[in-house]
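Residue numbers (the UniProt record's numbering): 3 to 877. Here a beta-carbon is modelled for each residue, glycine too, at the ideal position from N, C-alpha and C. Remember, predicted model here, so these are calculated numbers, not experimental data.
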Ligand code: ADP
Ligand code: MG
Ligand code: MG
C-alpha cells in the first residue's frame, strides 16, 4: 500500500488521504508555485498505526526513505550530511485543521555536526545556532514533552546575560550557550541525551504526530466540533526554507481578503529575519503586509500575484503562509480562510460579481447559523473587556445594564428607562414582563433551550444561561462570582454570542443589514421554494420581521397580548367569572383591546397573510400561583386586617386550585377552551374581523387567517370554524364590507395528522405546531426532559440531537409527511406550513422543503437564517 506521496503526486481533492495541509501543498506544487519540496505520510498510515495497536504499518519506512531521497535530490542537499545538510519541517495536518494537535517541528536534521556545516555553508554562524536552539526547543517540547517553560527560562536568562531585549539580538555565543543548556535540561527531564541521529529524529517526530491525534486536547476538540475520530492525521515532511537568514529574509501570513470585513485587499503581517511562528507568537510586533512593498517591491508584487492565482484557483478567499529566504519567495501553506459572518457574505457576493462563483455557490458558502451574529447588537470588537465568568451563549447579541434580581425590579426600573440585566437562577413564564423590560438575561442554571434561552431568542434579547460561576443571593440582593460580591444595581454586560459576563459597560455596535447582505438574501429568495414567515405577537415584531424579509406572519399568539399588565385583571375576571354574564362583561372590555392588537399587526404586515391563533394555553397560566396566594392569605390572617380582602384571596385561591391541572399540556387548553367557552372564541373572532373591516375601509390590503389550535379531529374544527364564520358574517354585514379570510388549524396532536384527509376537507390551511407535535409524538414533556434526562439520552447516543431543537425526521417528520399527503389528497389547495421553534432551524427547514410544505414560520430574528436554509435546501 502507498503510504507516502511526494508533493508532486498529490492534489487538492485528496484531502481525506493527505490532510488539508498536505493536499494543498501538493496542489500548489502542481500549479507551479514555489513550494519547498516534500512529501506527505497519509492519514491511512495513522489509522493503521492505531488499528495495529500503536505500531507503524509494515513497510512505511521503506517508502519514507526513498521519498526523502527525492527531496534531497530536488534540494541538492543531503539529510544528515556533514557538508550540505538538508533540514526539514515535520508538520501535522488532518482533513480539518485542528488546534490541539501536534505543533510543527522546524529545522529537523540538525545535530552537533550539521549545525557546523550549516554555519559554514551560509557563512552565518548566528543563523545556524539560532536554528539549532529553535529545533531543540520545538523537538523537546513537542516530541519529548519537556514543557515549554523550561526552555523559556533559559532563553530569558540568555537575553539577560547578554543584556538584550529581543531574540533576534542574541549573539551566536549566547545561542551556543542556550543549546548546551537546552540539551542538559532535556537529558535531565527525560533521562536520555538529545537524539543526534537525524533519521531517528524524523521517526520520533512522525510518531509524535500520530500520537498527538489521540491526545486529550485533540479528542476534546473533535468531540466539540463533531469531527470523527477515525479520519486520522497526515504528516508532512518538507524541506526547510529560512526566514531567519538576515534582513533579506522573513516570514509572514496573509489573507487574500480582509477576514473581518471581507474587503478585497490583501490583509496580513510579516516579520523580517524571523522563522515560523514568530509572527503569530508576538515576539516582535509584525508589520502590515502593505509595507512589504517598500521593503522589497519585487517580492511584494510576486506575492500579490501568487495570492491572486491561489484565490482564482480555489475560487475562495485564501489564508496563506509564506517565507522569504534571501530575497526568494516560498509558499508554505494555503487554505480557505476563516472569516466573520459579515466577511463571509461580502466575499461571497463579490466573488459572484467578479464572475468567480455562481449565485448557488454563493448561497452554499454561508452557514445559516453564522448569520445570527449579524442580526443582533454586538460588542465592539475593539473594546477592552474584563470578563468575570462564562456561561452558555444562549441568545446572541450584547447588552449592558444594572443587574436586577427580580422580574418586578426589572420591570420597575425598565419602565423608568433604566437599562437592566435580569439575573435569575432560571426564569419562568412569570418573569416574562421582566424579561421584556430587561436589556439582557443572565441565568446561573438552565441550558441552551431553557425557558430563558428560548424566550430570549424569540424576543431577540441577548442571554447568557447556565453560568455556574454565578451565585445568586436573593435575600441579600447580590450576586457572587469567584468570591467577589456584586450588589444589585452593579453595571454588567453580557455577550450572548460567546457567553461572556463582563464587568461594567461595554460599547456596542448596531447590526448592519448591509446592502450586500440584502442582495445575498434576495438571491436566496430567488432560489428557494419555501416561503419564510415570522412568528410575531406585536406590530413592532411584525415590522422587524418585514425588515428581515418575512412574507407574512405564520403565528400570532394571542395569549401574549393577554399578559399585558393592564389587561391581566380583566383576563382574570374573564377566567373566574361565575356566570356567562360576568364573563361576557369581561370579554366586552377585552374586545376593543384585542381589536387594537390585531389592527396594528395586520397593518404592519399589509400585503401579506397574518395567521392569528386563538387562545391556546391553559387558563391557570393567567392566574397567580397558589403558593403566592397562600403566603398572602397567611399574612392577612396574622395582621387580622380587613376580612373582605382575606375573603377575596381565599376564594381566588379556591378558584386557582380548581383550575390547576395535573397535566396542563394535555389539559384544558387550545380549542378545548373554545368548546367550553365559545364566547371567548367569538370575542377573538370579532376583534379580528372588526380590525380587518376598519383596515379595509382605510384602504389596506390585508389577509387575516384564523388558526384553531390543538384539534384532535374534524369535529372540534367544524364547531370552532362555525363560530368564526358566523362572527365574520355578522361583522361583514354590520360593517358592510367583504373580508377575505381563511380558517385553518394547527396540526399538533398526532391524531389530527392521522386524520388529516378528513380535516383537509373543511380547513383552508394546516400549520404543523412542531413543539407540541414533538411532545405528543414522542411522549416527551419538553420542560421535564430538557436539562434533566434528555442530556443523558444525547450522551448515550440514543438520540443524535435534541428533538425540540432539530426536528425528528424519523418520527415526527413521518407524521408531518402523512399529514401533508392526506391533507392534500382531499384538498389540493390546502396551505401547508410549520410554526414552532423548528421553523428557524436550518436542518428542520431543509426537511420542510423535502416534505413539501409551502412555508416555514420562525421568530423574526431567525427569518434571514430560514431564508438562507430554504435556498440551500433547494440548491
Ligand atoms: P500550523 O498548522 O500550526 O500553522 P505549520 O505546519 O503550518 O503549523 O507550521 C508552523 C510554522 O512553521 C508556520 O509559520 C509555517 O509557515 C512554518 N513552516 C512550516 N514548514 C516550514 C518549512 N519547511 N520552512 C519554513 N517554514 C516552515
Ligand atoms: Mg500553518
Ligand atoms: Mg401548541
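Sub-9 Å separation of residue i and residue j beta-carbons
{"i": "residue 837", "j": "residue 770", "result": "yes"}
{"i": "residue 353", "j": "residue 364", "result": "yes"}
{"i": "residue 266", "j": "residue 349", "result": "yes"}
{"i": "residue 930", "j": "residue 537", "result": "It is not possible to answer for residue 930, since the shown part of the chain is limited to 3 through 877."}
{"i": "residue 36", "j": "residue 333", "result": "yes"}
{"i": "residue 107", "j": "residue 92", "result": "yes"}
{"i": "residue 134", "j": "residue 181", "result": "yes"}
{"i": "residue 5", "j": "residue 44", "result": "yes"}
{"i": "residue 396", "j": "residue 501", "result": "yes"}
{"i": "residue 706", "j": "residue 763", "result": "no"}
{"i": "residue 697", "j": "residue 604", "result": "yes"}
{"i": "residue 599", "j": "residue 540", "result": "yes"}
{"i": "residue 847", "j": "residue 841", "result": "yes"}
{"i": "residue 211", "j": "residue 104", "result": "yes"}
{"i": "residue 448", "j": "residue 463", "result": "no"}
{"i": "residue 216", "j": "residue 52", "result": "yes"}
{"i": "residue 588", "j": "residue 573", "result": "yes"}
{"i": "residue 176", "j": "residue 246", "result": "no"}
{"i": "residue 661", "j": "residue 620", "result": "yes"}
{"i": "residue 393", "j": "residue 280", "result": "no"}
{"i": "residue 256", "j": "residue 324", "result": "yes"}
{"i": "residue 235", "j": "residue 214", "result": "yes"}
{"i": "residue 429", "j": "residue 406", "result": "no"}
{"i": "residue 422", "j": "residue 411", "result": "yes"}
Residue i CB to nearest heavy atom of ligand 2 below 8 Å
{"i": "residue 235", "result": "no"}
{"i": "residue 515", "result": "no"}
{"i": "residue 323", "result": "yes"}
{"i": "residue 334", "result": "yes"}
{"i": "residue 744", "result": "no"}
{"i": "residue 106", "result": "yes"}
{"i": "residue 163", "result": "no"}
Whole-angstrom C-beta distance between residue j and residue i, which should lie under 8 Å
{"i": "residue 874", "j": "residue 366", "result": "6 Å"}
{"i": "residue 494", "j": "residue 503", "result": "6 Å"}
{"i": "residue 243", "j": "residue 87", "result": "Contact flag wrong, Cβ pair sits at about 14 Å."}
{"i": "residue 878", "j": "residue 850", "result": "Past the boundaries of the shown model lies residue 878; the chain is included only from 3 to 877, so the question cannot be answered."}
{"i": "residue 715", "j": "residue 753", "result": "6 Å"}
{"i": "residue 690", "j": "residue 625", "result": "That pair is no contact at about 25 Å."}
{"i": "residue 712", "j": "residue 760", "result": "Not quite, the Cβ-Cβ distance comes to about 16 Å (not below 8 Å), so this is no contact."}
{"i": "residue 361", "j": "residue 525", "result": "5 Å"}
Beta bridge counterpart(s) of residue i as assigned by DSSP
{"i": "residue 289", "result": "272"}
{"i": "residue 505", "result": "494"}
{"i": "residue 611", "result": "705"}
{"i": "residue 253", "result": "273 and 325"}
{"i": "residue 537", "result": "557"}
{"i": "residue 240", "result": "40 and 91"}
{"i": "residue 483", "result": "472 and 486"}
{"i": "residue 108", "result": "For residue 108, which the question treats as bridged, DSSP gives no partner whatsoever."}
{"i": "residue 401", "result": "496"}
{"i": "residue 395", "result": "466"}
{"i": "residue 96", "result": "235"}
Near ligand 1: residue i beta-carbon under 8 Å from a heavy atom
{"i": "residue 208", "result": "no"}
{"i": "residue 12", "result": "no"}
{"i": "residue 91", "result": "yes"}
{"i": "residue 192", "result": "no"}
{"i": "residue 238", "result": "yes"}
{"i": "residue 866", "result": "no"}
{"i": "residue 277", "result": "yes"}
{"i": "residue 244", "result": "yes"}
{"i": "residue 99", "result": "yes"}
9 Å Cβ cutoff, residue i in contact with chain B
{"i": "residue 542", "result": "No chain B appears in this structure, which consists of one protein chain only."}
Check: residue i C-beta below 8 Å from any heavy atom of ligand 5
{"i": "residue 23", "result": "Judged by which ligands are present, ligand 5 is missing from the structure shown, whose ligands are ligand 1, ligand 2 and ligand 3."}
**Message:** For a minimum of 4 consecutive residues, which ranges assigned as the alpha helix (DSSP H) are wholly contained in the region 118-179?
**Reply:** 127-140 and 150-164
Requested in this report: Could you pull out every unbroken alpha helix (DSSP H) segment of at least 4 residues lying fully inside the region 18-81, listed in chain order?
Outcome: 45-53 and 62-77
Review point. Which runs of the beta strand (DSSP E), 3 residues or longer, sit entirely within the region 314-364?
Key: 320-327 and 330-338
Discussion item. Could you tell me which whole beta strand (DSSP E) segments of length 3 or greater appear in the region 702-754?
Written reply: 705-710 and 744-749
Continuous beta strand (DSSP E) assignments of at least 3 residues falling wholly in the region 783-857 | 833-837
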